[in-house]
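Q:
Residue numbers (the working numbering): 911 to 1316.
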């Protein structure tokens, strides 16, 4: 039996500029501090540090934290691995400090993203007494690199946590493994929505939020096609409010690729298709809940089957219906908490546009779907319960390590 609080080091790659970082903050916020003393090291400086400071939780910036993840294309994964190896010597001082402090001060290291898997493998040999917990937050595309990453995840960590059954099944299949614990992300139900983002003052009554940095797989460009469909329906008063980076990246097809080659943005793409006035691009927002409060709906037209990200959960918590792509109905159920669409080439922007019109024209339907979504996350994403689930995992890992090194 422990006579002191468990000492846990949490490694965060985003510093508040992404869903994994915000999810870590909200679960740490609800931990019983009589039982656990968390400390957070962030790779990036950002808004999350002030939030931890307000809770009295020690936080520091360590930009040299090395991270790497598998990518859909073999060539890109190979290139990313090469860059990782070339940059690794630059993190030697950080890794030396990490070894010293884990051995001296911590019982558990909580890796808050699966992209820290190689760091976990390296650190395992240097800190054999510490317990390792990996928090897996994304789906890996099946490839040699992904299978290698999955095997390292399960072989060098004492426990693997997943944000949904889909991520767990993904790693189970890639690694030929049968473990893992699912803990849904914590989402707080806002007490009020009085702090509206300035986007609330833009022209147009009905607003659709999108909270993602641009990438081809995230599919935000599809919103431009939806806007075209809305314009053709005579509904160009509807506005899309996009929070996140709008720079086009990578090799993109068609007109999108032509604009990307000229260093254009998603705003340029919308203007080229004649719907630029239907969009407001905010860039990065540190307070996405204020954007959601200023909008009526969240749209996430991803090309990946993952309708359960942090943006979706926060929208549901604010009683906002969600329009998302994918097949999993755990959080977004058609007609109950939002609407789902195919994530592949069969995605039909006209269908999403029709559902937007339905919601815009039927405030009773809008409120009913919003309330049902809010109740769903209230049941599944409660802060105290999920923090207790996480603490139980940490305790089990600690107890096993104590027995092993007694």
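Heads up, the beta-carbon is just placed ideally off N, CA and C, and yes, glycines get one too.
1) Please report the Cβ distance between residue 1022 and residue 921, rounded to the nearest whole angstrom; I am assuming they are in contact, meaning their Cβ atoms lie under 8 Å.
2) Can you give me the Cβ contacts of residue 1265 inside the same chain, cut-off strictly under 8 Å, excluding the 5 residues immediately before and after it?
3) Considering just the uninterrupted stretch of the beta strand (DSSP E) at residue 1153, what are its terminal residues?
4) Do you know offhand how far residue 1235's Cα is from residue 1152's?
5) Hey, is the region 1005-1023 in contact with the region 963-970, meaning 3+ C-beta pairs nearer than 8 Å?
6) Let me know the secondary structure DSSP gives residue 1294 once reduced to three states.
7) DSSP state of residue 972, grouped into three classes?
8) Could you spell out the range, first to last residue, of the beta strand (DSSP E) harbouring residue 1044?
9) When the Cα of residue 1215 is compared with those of 1257, 1208 and 1188, which residue comes out closest?
10) With distance defined between alpha-carbon atoms, name the residue in 1095, 1157, 1210 and 1231 nearest to residue 1299.
11) Going by the DSSP bridge assignment, what does residue 920 pair with across the sheet?
12) Got a sec? Which residues, its chain only, sit under 6 Å from residue 1213 by beta carbon, not counting five neighbours each side?
13) Quick check on residue 1294: buried or exposed, where buried means 16 or more other Cβ atoms within 10 Å of its Cβ?
14) Can you tell me whether residue 1315 is helix, strand or coil according to DSSP?
15) For residue 1179, tell me which candidate among 1188, 1165, 1190 and 1048 has the shortest Cα-Cα distance.
16) In terms of residues, what are the limits of the beta strand (DSSP E) holding residue 1119?
17) Can you tell which of 956, 1184, 1228 and 1186 has the C-alpha that lies nearest to the C-alpha of residue 1202?
18) Secondary structure at residue 1244, three-state DSSP: helix, strand or coil?
19) According to DSSP, is residue 1003 helix, strand or coil?
20) Expressed to the nearest angstrom, what Euclidean distance is found between the alpha-carbon atoms of residue 1005 and residue 1167?
21) Name the DSSP bridge partner or partners of residue 1012?
22) Helix, strand or coil for residue 1157, going by three-state DSSP, please let me know.
23) How about residue 1075 and residue 1044: are their beta carbons less than 8 Å apart?
24) Rounded to the nearest angstrom, how far is the Cβ of residue 929 from that of residue 1221, given a contact under 8 Å?
25) Can you tell me whether DSSP reads residue 1072 as helix, strand or coil?
26) Is it buried or exposed, residue 1083, if we count other Cβ atoms within 10 angstroms and call 16 or more buried?
27) List, from N- to C-terminal side, the alpha helix (DSSP H) runs of 4 residues or more that fit wholly inside the region 1166-1217.
28) Tell me whether residue 1251 sits in a helix, a strand or coil according to DSSP, three-state version.
29) Return helix, strand or coil for residue 1229, following the three-state DSSP convention.
30) Three or more beta-carbon pairs under 8 Å between the region 1265-1275 and the region 972-981, yes or no?
31) Pick helix, strand or coil for residue 1091, following the three-state DSSP scheme.
32) Report yes or no: is there a C-beta of chain C within less than 8 Å of the C-beta of residue 1247?
33) Within its chain, find whatever has a CB closer than 6 Å to the CB of residue 1073; leave out the 5 residues flanking it on each side and keep chain order.
34) May I ask you to list the residues that DSSP assigns as paired with residue 1235?
35) Taking one C-beta from the region 1301-1308 and one from the region 1168-1187 each time, how about it: are there three or more such pairs within less than 8 Å?
36) Taking the alpha-carbon of residue 1328 as reference, which of 1079, 1194 and 1159 has the nearest alpha-carbon?
A: Inspection of the coordinates gives the following:
1) With 8 Å as the limit, residue 1022 and residue 921 qualify as a contact, their Cβ atoms being about 6 Å apart.
2) Hits under 8 Å: 1233 and 1249.
3) Taken as a continuous stretch (DSSP letters only), the beta strand (DSSP E) holding residue 1153 covers 1149-1153.
4) For residue 1235 and residue 1152, the distance between alpha carbons rounds to 17 Å.
5) No: the two stretches stay apart, fewer than three of their Cβ pairs being nearer than 8 Å.
6) Here residue 1294 sits in helix by DSSP.
7) In the structure shown, residue 972 sits in coil (DSSP, three-state: anything other than H, G, I, E or B).
8) Start and end: 1041-1046.
9) When each option's Cα is compared against that of residue 1215, the closest is 1257.
10) That would be 1095, whose Cα lies nearest to the Cα of residue 1299.
11) In the DSSP output, where bridge partners are listed per residue, residue 920 has 950 and 1020.
12) Excluding residues within five positions, the ones whose Cβ falls inside 6 Å are 1127, 1129 and 1253.
13) By the 10 Å Cβ count, residue 1294 comes out exposed.
14) In the structure shown, residue 1315 adopts coil according to DSSP, grouped into three states.
15) Among 1188, 1165, 1190 and 1048, the Cα nearest to that of residue 1179 is on 1165.
16) For residue 1119, the uninterrupted beta strand (DSSP E) run begins and ends at 1117-1121, by DSSP.
17) For residue 1202, the nearest C-alpha among the options comes from 1228.
18) Annotated three-state conformation of residue 1244 is strand, per DSSP.
19) Residue 1003: helix per DSSP, three-state reduction.
20) Their backbone Cα atoms lie some 40 Å apart in a straight line.
21) Bridge partners of residue 1012 according to DSSP: none are assigned.
22) Residue 1157: strand per DSSP, three-state reduction.
23) No, they are not a contact pair.
24) About 7 Å; that satisfies the 8 Å criterion.
25) Strand.
26) With a 10 Å radius around the Cβ and a threshold of 16 neighbouring Cβ atoms, residue 1083 comes out exposed.
27) If you keep only unbroken alpha helix (DSSP H) runs of at least 4 residues inside the region 1166-1217, you get 1176-1182 and 1198-1204.
28) Residue state, collapsed to three classes: strand.
29) In this structure, residue 1229 counts as coil in the three-state DSSP scheme.
30) Short answer: they don't touch.
31) Three-state result, residue 1091: strand.
32) This model lacks chain C altogether; it includes just one protein chain.
33) Closer than 6 Å at Cβ, skipping near neighbours: 1047 and 1095.
34) In the DSSP output, where bridge partners are listed per residue, residue 1235 has 1251.
35) No contact exists between the region 1301-1308 and the region 1168-1187.
36) The question about residue 1328 has no answer, for the chain in this structure spans 911 to 1316.
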